[in-house]
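Asks:
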Amino acid sequence: MKVQKKTNPLVEIQLAEMGQISLSIAIGNAQFGGNQVKFTDSDQIFHKGDVNNLALGEADSLRGRTLEIITNVLDINPGTNNIIVTDYFSGGSPGQIVTTDTVSNSGDICSITATYKFK
């Protein structure tokens, strides 16, 4: 089992004027994975595991902060080695960011680091 690392460039998320901002993460292609969500200005991990409508905070409290997401995808689908991860932000634009990659062999892991700065 090989671990392949991918680091995405920083993406700026323009927040709505007000309201709760939430995050969902979808792992596609019938693959399996988990996530670690952390704000870069804290040593504490904000959330681990599945992410579905995770409340990140009010728009005003998030402006200027940076969120780091590490998604580890285990290739369990024997039909494809393609990896797809979609990060969805409610209350932010862009509202979805898609990352694709391919692992070399079935059973390999793709570790994706995505960083988002809230504006």
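The numbers in UniProt numbering rise by one with no breaks, and the one at position 5 of the sequence shown is 5. We treat Cβ as the ideally placed atom computed from N, Cα and C, and that holds for glycine.
1. Quick one: using the 10 Å Cβ neighbour count with 16 as the cut-off for buried, is residue 7 buried or exposed?
2. Using beta-carbon positions only, say whether residue 36 and residue 75 come within less than 8 angstroms of one another.
3. Pick out whichever of 78, 62, 88 has its Cα sitting closest to the Cα of residue 106.
4. With burial defined as no fewer than 16 other Cβ atoms inside 10 Å of the residue's Cβ, what is the status of residue 55: buried or exposed?
5. Could you please give me the residues that DSSP links to residue 25 through a beta bridge?
Replies: Here's the rundown:
1. For the purposes of this step, residue 7 is taken as the residue at position 7 of the sequence shown. So residue 7 counts as exposed.
2. Within the sequence shown, numbered from 1, the residue matching residue 36 stands at position 36. Within the sequence shown, numbered from 1, the residue matching residue 75 stands at position 75. No; because the gap between Cβ atoms is not below 8 angstroms, this pair is not in contact.
3. To locate residue 106, count along the sequence shown from 1; it is residue 106. Among 78, 62, 88, the Cα nearest to that of residue 106 belongs to 78.
4. Walking along the sequence shown from the start, residue 55 turns up at place 55. It is exposed - the Cβ of residue 55 has fewer than 16 other Cβ atoms within 10 Å.
5. By 1-based counting over the sequence shown, the position of residue 25 is 25. Note: residue 25 sits in a beta bridge opposite 87.
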